Amino acid sequence: MSRLPDALWLNVSSALQGLDRPLLKSLSHHFSIAQWQYCQTQDEALSLEIALVLLHDYLKQHPCPIHLLGHSTGGLLALLYARRYPERVRSLTLLSVGVQPAVDWQAHYYAQLQLLPYSREMLLTQMVFSLFGYQSPPITREFRHLLERDLRGSLSPHTLYQRVSFFPGGVMVPLLICGSKTDMVIDSNLLQGWQPWLKDSDRLWICPDGRYFFHFFHPQLVSEQITQFWSDQCSLNSPNANLEAIST
């Protein structure tokens, strides 16, 4: 059986996976990293539980804990997995995940859709400005199409008629929280709300810019924070501990 890489990135939106590539490329210069993808179809019921089962089926084939990370709903899935199976997670890195971990851009979109007298297209255009900043008309259209695809095919648990929440709290494993100072979705209150749950080994880092997709706009800066966090975790463990298998 092939050796599991050092880290596993969770992607639950095929529409937005291209925004993750700059960061993954930067991380791959320092650690071996793989991507696990869950593809949600319109014919299937939304179920984070199904995704958790499939993720566990993948990870339980490998004997050693792994650095787990993800952005937004991918981060939510990683958080839920780390809470359920902490023995299989070496560390957890969450990007754009607040202390209320289910909050994502779709929750904001549906809330505004109910409250504001705007068309879907106008509201998605405004969401582009909020999530990516002001762009040229062609780039704005491209980003709007990405958001439309994400609404149709991501694992986000929210709908127009229902907003989902999960219990706030930390995890047993070392935790790195990354957010952006200019993010209107995961704002400073949601980021600082993590503070009561952080252990001595945990970190909260806030990027000075980049909004909701700060890892796309500042991949090198984010990569430096993550690789330093992982390196620190490695230094805390002896070589023998690093190779210790999970008991089943």
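If you number the sequence shown the way UniProt numbering does, the last residue is 248 and the count never jumps. Think of the CB as a built atom: it goes at the ideal place given N, C-alpha and C, for glycine as much as any other residue. The structure presented is a predicted model; accordingly, all values stated were derived computationally and were not measured.
For residue j and residue i, the rounded distance between their alpha carbons
i    : j    : result
A78  : L175 : 11 Å
S238 : I186 : Caution applies to S238, whose pLDDT of 47 falls short of 50 and renders its modelled position unreliable; the value that the coordinates give is listed next. Their Cα atoms are separated by approximately 36 Å.
C39  : S14  : 7 Å
Q35  : L95  : 15 Å
L23  : C234 : 21 Å
F167 : L76  : 11 Å
R88  : S119 : 45 Å
E49  : Q126 : 32 Å
E142 : I206 : 27 Å
G133 : F217 : 11 Å
P63  : A82  : 16 Å
Q220 : G193 : 26 Å
T227 : L198 : 19 Å
Q135 : D183 : 16 Å
Burial state of residue i, where buried means 16 or more other Cβ atoms lie within 10 Å
i    : result
G169 : exposed
I137 : Reading off the sequence, residue 137 comes out as Pro, not Ile. So P137 counts as exposed.
R90  : buried
I139 : exposed
P196 : exposed
E244 : Bear in mind that a pLDDT of 39 at E244, under 50, signals an unreliable position, so the number given afterwards is only what the model happens to contain. Classification for E244: exposed.
P117 : exposed
A107 : buried
D104 : buried
D200 : exposed
A32  : Note on identity: in this sequence residue 32 is Ser, with Ala being the wrong assignment. It is exposed - the Cβ of S32 has fewer than 16 other Cβ atoms within 10 Å.
Pair within 9 Å by beta-carbon distance, residue i and residue j
i           : j    : result
V53         : S156 : no
Y85         : H67  : no
D202        : K181 : no
H215        : L80  : no
Y212        : L113 : no
R27         : G70  : One point to set straight first is that residue 27 is Leu, not Arg, in the sequence displayed. Result no, Cβ atoms of L27 and G70 do not sit closer than 9 Å.
L147        : Y109 : yes
A7          : W230 : yes
residue 257 : V164 : This structure does not reach residue 257, given that the chain is present from 1 up to 248, and the question cannot be answered.
L191        : I177 : yes
**OP:** Just list the alpha helix (DSSP H) runs in the segment 162 to 219, keeping only unbroken ones of 4 residues or longer that don't cross its boundaries, in chain order.
**Re:** Those alpha helix (DSSP H) runs which fall completely within the segment 162 to 219 and span 4+ residues are 188 to 192 and 214 to 217.
Subject >> Ordered list of alpha helix (DSSP H) runs contained in the segment 25 to 90, each at least 4 residues >> reply: 48 to 59 and 73 to 84, all fully within the segment 25 to 90.
Original post:
Which ranges does the alpha helix (DSSP H) cover as unbroken runs of at least 4 residues, wholly within the segment 86 to 157, from first to last along the chain?
Top reply: Taken in chain order, the whole alpha helix (DSSP H) runs of length 4 or more contained in the segment 86 to 157 are 105 to 115, 120 to 132 and 137 to 153.
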